[in-house]
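Numbering (the numbering used here), first residue to last: 157 to 843. Taking it in order: structure first as structure tokens, then the write-up.
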């Protein structure tokens, strides 16, 4: 329909609000309570506009437009109305700007410059509100709250954990969590972003820096496999905070707590110089001495007795350099699956999230096998909840196959704990089979709880067969999805970081199958699995358990200290950029591997990042397309090849502690505090 805004004619969809029409015309409308991804509350009244023939200004956020409507956004009536609203908002708001962490990026500050007065007519006592305890991540100064209710709507609608609400009304209204306890959402940090004032701020970041002091660098969150777009905020040599960037195809504008708050782990327990173990004790050495020590140990060792394992936080460039080095040394023993997961690599559709994250909003039924999306991919889980809410009551049935866990944030039926449910769904004896068959666009998610079992290949084949039989895979729709939990996994599979012909897997290498083992940031296993006679080279950025077992330590760079390419669970190739320099003598991982290759006489054929990325694209053309996804017709694919029989053993979660899943998290004081509060709370005796 056509609407006129300040003389500009715009065409907007049916059901649009006056605010959306104004923005389509390029007009900026002030607002506090309105947020594009939340329901409309209409309680701040800052977005008032004048509609021709309307008796008084209207709140544009909740006012539907009609054909031929004429809207005025900058008349004297509108300006007076907005100034009056601002005066009411500032009646009780404290003059906290000099000590408020929101200063410099505060919506109330910005709008007060445009519509605030230079004096106050209010002489009565201002109200004061008791601060609320929301846990170790979100700090509250509730006297600053302007009751916009964004936080309440986010917790209820997006996070799916309705722990916030309001008590009383009018001037006495208070936003509270009713029962004083820590918020239990893995997305609670987003409350900080959506709060338009300084009522909710970051507790770990409190009083650390001002926004104008910070340099911003685009990056990718590596705490899970979603590939959330983030911006790292840096002052000097330290990364002070991580905030989300808008990407509607991946994370919208949300970020999981682990990716947001674990950045303080980047400055703790860091490896900043090479070390070599002599007579059982580690000694600091130069880079040349470390390389010589490794070179001497490799002398006379056959290629099949050398192995390498890539960890979960690695970038594609360093993994390719590691693979090329192992190939030059004649070793077929390389693996990016330190958790022992099994995949069918004959086609990319067998190990990626085929529906795409944004495509979840088109599905009309979901089956989750061996996965807990709320913990393994909180941002992706929020997209599932979004689809659940948009479909209405019963419009998006969800079935879970696995051990019952905490609330997934949407209504879901636990169909069973073991993979035998897949057979019942295929032969139609399970009631949920009819749900999948009648759905037009069903989707199936297979998680690592299924793929890290001995019968993983059989489960993968059974899940694909079920998808094919229920119409989940076909022309125009791919409902088969593998949900990874490691940021490096899809890139590693795309580059072929799996054992070559006659090569050993990660488990085979650790159990004494090789004499020399190169660990590239691989920490997610018990080091006791490594044979006592194995010579271990650890290349990484944190002094975690694997570094303590190493005979040579090569200090690498974290994701914030290098430019890198990452591939998320849906197969989307994305780039991050260097925010700070690595500490001390630490270097970018691919440069370490390139320098060592020269020492042992197998010089890798690239000296620059550009040349290495060209090599990436040569190995797999998917690395030529940054940020996008190619549509793949999976209707003609035969499906993954099943190996062995399905075991009746129930599925188990892939990790016990959401806040302690990688070396950065384990080095983070904030994540340690979250683990103590949420996962390992101290028991207090009754008095």
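We treat Cβ as the ideally placed atom computed from N, Cα and C, and that holds for glycine. Here the structure is a predicted model, which is why all the values come from computation and not from measurement.
Close CB contacts of residue 440 within its chain, under the 8 Å cut and outside five residues either way in sequence, are with 429, 430, 431 (chain order).
Per DSSP, the unbroken alpha helix (DSSP H) holding residue 577 starts and ends at 576-582. Apart from the 5 residues on each side of it in sequence, residue 570 sits with its Cβ closer than 6 Å to the Cβ of 556, 560 in its chain, given in chain order. Here residue 555 is bridged, per DSSP, to 523, 569.
By the Cβ-count criterion, residue 326 is exposed, with fewer than 16 other Cβ atoms from all chains shown falling within 10 Å of its own Cβ. Per DSSP, the beta-bridge partners of residue 634 are 629. Note on geometry: alpha-carbon atoms of residue 222 and residue 649 lie some 53 Å from one another.
Within the same chain, Cβ atoms closer than 7 Å to the Cβ of residue 580 are found at 586, the five residues on either side in sequence being excluded. When rounded, the separation of the alpha-carbon atoms in residue 740 and residue 376 is 24 Å.
Inter-residue distance for residue 408 and residue 228 is about 31 Å (C-alpha atoms, whole angstroms). Looking at the DSSP output, residue 437 bridges to 434. Collapsing the DSSP output to three states places residue 667 in a helix.
A Cβ-Cβ contact shorter than 8 Å links residue 626 with residue 593.
By the 16-neighbour rule on beta-carbons within 10 angstroms, residue 192 is exposed.
By the neighbour-count criterion, in which 16 or more other beta carbons inside 10 Å mark a residue as buried, residue 736 falls on the buried side. Membership of residue 413 in the alpha helix (DSSP H) is indicated by the continuous run 413-417. Nearest C-alpha to residue 654 among 370, 498, 447: 498. Residue 826 sits in a helix when the DSSP states are folded into three classes. Taking all protein chains shown into account, residue 328 has fewer than 16 neighbouring C-beta atoms within 10 Å of its C-beta and is therefore exposed. Per DSSP, reduced to three states, the secondary structure at residue 328 is helical. Contact between residue 670 and residue 459 does not hold, since their C-beta atoms are separated by about 10 Å, which reaches or exceeds 8 Å. Nearest in C-alpha terms to residue 287, of all of 254, 336, 241, is 336.
Residue 674 is bridged by DSSP to 464, 693. With the rule of 3 Cβ pairs closer than 8 Å, the region 341-355 counts as touching the region 288-307. Here DSSP, grouped into helix, strand and coil, assigns residue 599 to strand. The three-state secondary structure of residue 403, taken from DSSP, is strand. For residue 815, the three-state secondary structure derived from DSSP is coil. Taken in chain order, the whole beta strand (DSSP E) runs of length 3 or more contained in the region 251-311 are 294-296.
Linking residue 667 to residue 690 through their CA atoms gives a straight-line distance of about 9 Å.
DSSP assignment within the region 726-774 yields the following whole alpha helix (DSSP H) runs of 4 residues or more, N-terminal first: 745-755.
Non-local C-beta neighbours of residue 507 in its own chain, meaning closer than 6 Å and more than five positions away in sequence, comprise 499, 638, 649, ordered along the chain.
Note on geometry: alpha-carbon atoms of residue 386 and residue 422 lie some 16 Å from one another.
Contact between residue 530 and residue 342 holds, with the beta-carbon distance rounding to 7 Å and staying under 8 Å. Assignment of beta-bridge partners to residue 372 by DSSP yields 389. Considering only 582, 572, 800, 679, the residue with the shortest C-alpha distance to residue 806 is 572. It is roughly 27 Å from the alpha-carbon of residue 539 to the alpha-carbon of residue 833.
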